[in-house]
Structures are given as structure tokens and as C-alpha cells.
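For what it's worth, the working numbering labels the leading residue of the sequence shown as 63, then goes sequentially. Glycine residues also receive a C-beta, built at the ideal position from the N, C-alpha and C atoms.
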Amino acid sequence: MSKTDKKYKLTPYLSKQKIDALCKDLAEQINEDYKDFVVKGPEDHTSPQLIAICILKGSLFFIADILRHIKIPFIVDFVKLSSYGKGMKSSGTITILQDISTDIYGKHVIIFDEIVDSGRTLSFYIERLRSAEPKSIKVCTLIDKKICRSPESKIDADYVGINAGEEFLVGYGLDHAEQYRNLAEIYQLKEI
Ligand code: IMP
Ligand code: MG
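Encoded structure:
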């Protein structure tokens, strides 16, 4: 380790048990809102009217956990967006590293993002999705840092697990410079 390496302290923020309960609760709200499309059991299939979009990389565990509670046929797709670089503040420049390949025209879209902060990433991406003319676009997030929303961002999440403050969080897909994503629980990260 070089002398310039920073040191960080991790404080428990959300337990695995709490994360599981929040995912189940969010899925139940979605099942209720889209109840016209709910199927009776695993053998009952209709053509999916719902597109579930996972914002990579951070939402990989969140979408995997939540989709297992969804009782509606859906197509899942992935978009890889980048805005953070290596720091704890969003760079403000959003890059699409890999886009979805599903035709969303006339379909209901739900975007799954593990955390919404300034809202710039989702504002940018939702504008793009609108040009493909989906029937509706909703946003589901585990953690909403609503007080951090930038003034120009028009994002209001439709499904919110918990509201958070300005703290920087890691674990359960959330990273700091690509570290800590694999932790099963969520922690607050502070430089010491
Ligand atoms: P926004 O554009 O500022 O809303 O940031 C969106 C993305 O930044 C999220 O989907 C996360 O990937 C990342 N992000 C925001 N807050 C945090 C945090 O506290 N820890 C780790 N990543 C974060
Ligand atoms: Mg994310």
C-alpha cells in the first residue's frame, strides 16, 4: 500500500433481512399495479407486456431479487450506464456503455435502479427511451436520495424502498471505484 492510499470505514446501513423485505414489498406493489397481467401460476403464460430494464452495474442484485417476486410475464433487458468514475460524486456526464436490444414500442417499461441520487442518469436515459414510444415508463429504486436531486432532473421514482440522505453507500451492487459490490449488506462508506 502506498502512502497516498486512502482508508475507509464501513458502517452497517441496511441488513440482508431488511433488503429482502424491501424487495418483496416493492414487488408486491408492482404486482398490484399491473394486476391485469398477473398470471395464475408458472405454467400460465401470455406474451409479456412488461419490460424490466436493469441499470448496470449497480442494480444486478436488486433486479435479480425483486424479479423473483414478480408474478407478471416480463422481458428483462440490461443497460450499462456510467456517470461516477472513481469518486463519490457523479461526474455529470452520462455514457451509455451498452444499450438494451428489446423493442419497447407500446409496452410498459419499469426501470430498476438500486439508488437514485442526482437523478441525472435516469433523466437522461428516460428521455432516450421515450423516443421509442413505450406505453408507460416507471422507475423502481431500492434507495432514493431525494434530497440530492439536481434541479434540472425531473425524476420522481414510482416505487421506493427507503429514502436516504447524502451518505455514500456501498455493497449489494453499490460500489466505490468498483470495490465492495459483492457485499451482501449495505454499508455507509466514510473516509478516515
Ligand atoms: P445519479 O445520476 O446521480 O442519480 O446517480 C445514479 C447512479 O450513481 C446510481 O445508479 C449508482 O450507480 C450511483 N450512485 C449514486 N449514489 C451512490 C452511492 O451512495 N453509492 C454508490 N453508487 C452511487
Ligand atoms: Mg445504478
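Near the ligand IMP: residue i beta-carbon under 7 Å from a heavy atom
i      : result
Thr183 : yes
Ile115 : no
Ser248 : At residue 248 the sequence reads Ile, which differs from the Ser that was named. Checking the Cβ of Ile248 against the ligand IMP gives no.
Leu236 : yes
Glu176 : yes
Phe230 : yes
Gly120 : yes
Lys207 : yes
Asp218 : no
Close beta carbons around residue i, own chain, < 6 Å, minus the five adjacent residues each side
i      : result
Tyr96  : Ile134
Ile173 : Ile115 and Val201
Asp206 : Val178, Ala219, Val222 and Asn225
Asn244 : none
For residue i, three-class secondary structure by DSSP
i      : result
Tyr221 : strand
Ser180 : coil
Gln91  : helix
Tyr75  : strand
Ile137 : strand
Leu245 : coil
Glu189 : helix
Lys97  : helix
Lys169 : coil
Lys86  : helix
Lys216 : coil
Lys80  : helix
Lys102 : coil
Per DSSP, cross-strand counterpart(s) of residue i
i      : result
Phe174 : Cys116 and Cys202
Glu253 : Tyr70
Ile123 : Ile is not the amino acid found at residue 123; the sequence shown has Phe there. Beta-bridge pairing links Phe123 to no other residue.
Lys142 : Leu118 and Gln160
Leu236 : Gly233
Closest by C-alpha distance to residue i, when choosing among the options
i      : options                          : result
Gly223 : Gln91, Ala239 and Cys116         : Gln91
Glu247 : Lys69, Ala83 and Asp67           : Ala83
Ser212 : Leu118, Ser185 and Cys202        : Ser185
Ile125 : Asp175, His107 and Lys169        : Asp175
Ile156 : Leu143, Gly168, Lys78 and Ile162 : Leu143
Contacts around residue i, its chain only, beta-carbon distance under 7 Å, and the 5 residues preceding and following it disregarded
i      : result
Cys210 : Asp179, Ser180 and Glu228
Leu191 : Ile166, Val171 and Ile199
Beta-carbon contacts of residue i that lie in its chain and below 8 Å, excluding the five residues immediately before and after
i      : result
Ile217 : Val178, Gly181, Leu184, Ser185, Ile188, Val201 and Arg211
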